[in-house]
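Participant: Protein sequence lines, in the order shown, are assigned to chains A and B. Just so we're aligned, residue 1 is where the first sequence starts under the numbering used here, counting upward by one. Just so we're aligned, residue 101 is where the second sequence starts under the numbering used here, counting upward by one. Where is the CB? At the ideal position from N, CA and C, for every residue including glycine. Predicted model, so just to flag it, every value in this text is computed and none were measured.
Protein chains: 2
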Amino acid sequence: MSKVELDQLRGRVDELNLELLKLINERAQLVQEIGRAKETQGVYRYDPVRERSMLDLIKEHNDGPFENSTIDHIFKEIFKAGLDLQKDDHSKALLV
Amino acid sequence: MSKVELDQLRGRVDELNLELLKLINERAQLVQEIGRAKETQGVYRYDPVRERSMLDLIKEHNDGPFENSTIDHIFKEIFKAGLDLQKDDHSKALLV
């Protein structure tokens, strides 16, 4: 593979990184919205059943190259970050 | 927010999860391809300068709601998973 070809692949990785960033933040906004709705309903935010069902659906669609265990790990980090965001929102709401 | 609206938001989160899955695996394929190219060139795969430059570009484009520190954390997990995949490829190549 030539330097030019390698640079092209890297350029594509950079594009994918930015697409991922966009979707990760779009997901975070939805999770914030859901968190606020659940808060007014007095429902506790962390929902292990829902988390399990999301992971199951994701893994049903996983064609690799990542193994399911790796996909599990990455998505749990994304879920956790979303929950932390909801917690921050909740703390800020308490300060108002 | 009604139950129907909450279910709609959750449906959108599920869609985003699957879009993320697709991009994460597409990225993994590219990273595998880059790893193979670097291997034939005898270049070591982990490249902290490249990792730093990817993270800088990502954070330049980060409009939230996630903080840069959270984005850093999530992407480092994705990068690490990609490197592990390259390592697996390398081990398999050695066994041939």
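Please check the pair Leu94 (chain A) and Phe166 (chain B), which I expect to be a contact at CB under 8 Å, by giving their CB distance rounded to whole angstroms.
Facilitator: Not confirmed; about 21 Å, so no contact.
Participant: If we call anything under 9 Å between Cβ atoms a contact, is Leu16 (chain A) one with Leu118 (chain B)?
Facilitator: For Leu16 (chain A) and Leu118 (chain B), no; Cβs fall outside 9 Å.
Participant: Taking C-beta pairs closer than 7 Å, name the residues in chain B that Asp14 (chain A) reaches, listed in chain order.
Facilitator: In chain order: Met154 and Leu157.
Participant: Can you give the beta carbon distance from Ala181 (chain B) to Ile74 (chain A), rounded, assuming they're within the 8 Å contact cut?
Facilitator: Between Ile74 (chain A) and Ala181 (chain B) the Cβ distance is about 6 Å, and since that is below 8 Å, they are a contact.
Participant: Would you mind telling me which residues of chain B sit closer than 8 Å to Asp63 (chain A), beta carbon to beta carbon, in chain order?
Facilitator: Per Cβ cutoff of 8 Å: Asn125.
Participant: Look up Glu67 (chain A) in the DSSP assignment and say whether it is helix, strand or coil.
Facilitator: Three-state result, Glu67 (chain A): coil.
Participant: Three-state secondary structure (DSSP) at Asp184 (chain B)?
Facilitator: Three-state result, Asp184 (chain B): helix.
Participant: For Lys135 (chain B), count neighbouring Cβ atoms within 10 angstroms of its own Cβ and tell me buried if that reaches 16, exposed if not.
Facilitator: With the sequence shown as reference, residue 135 (chain B) is identified as Gly, and Lys is not the correct amino acid for it. Buried, because 16 or more other Cβ atoms sit within 10 Å of the Cβ of Gly135 (chain B).
Participant: If distances are taken between C-alpha atoms only, which option among B:Lys192, B:Glu133 and B:Arg110 comes closest to Glu26 (chain A)?
Facilitator: The option with the nearest alpha carbon to Glu26 (chain A) is B:Arg110.
Participant: So what does DSSP say about Met101 (chain B), is it helix, strand or coil?
Facilitator: Looking at Met101 (chain B) - three-state DSSP - the assignment turns out to be coil, as it is neither helix nor strand.
Participant: Spatial neighbours of Asn168 (chain B) within its chain, please: CB distance less than 7 Å, with the 5 preceding and 5 following residues excluded, ordered by chain position.
Facilitator: Same-chain partners within the cutoff: Lys159 and Asn162.
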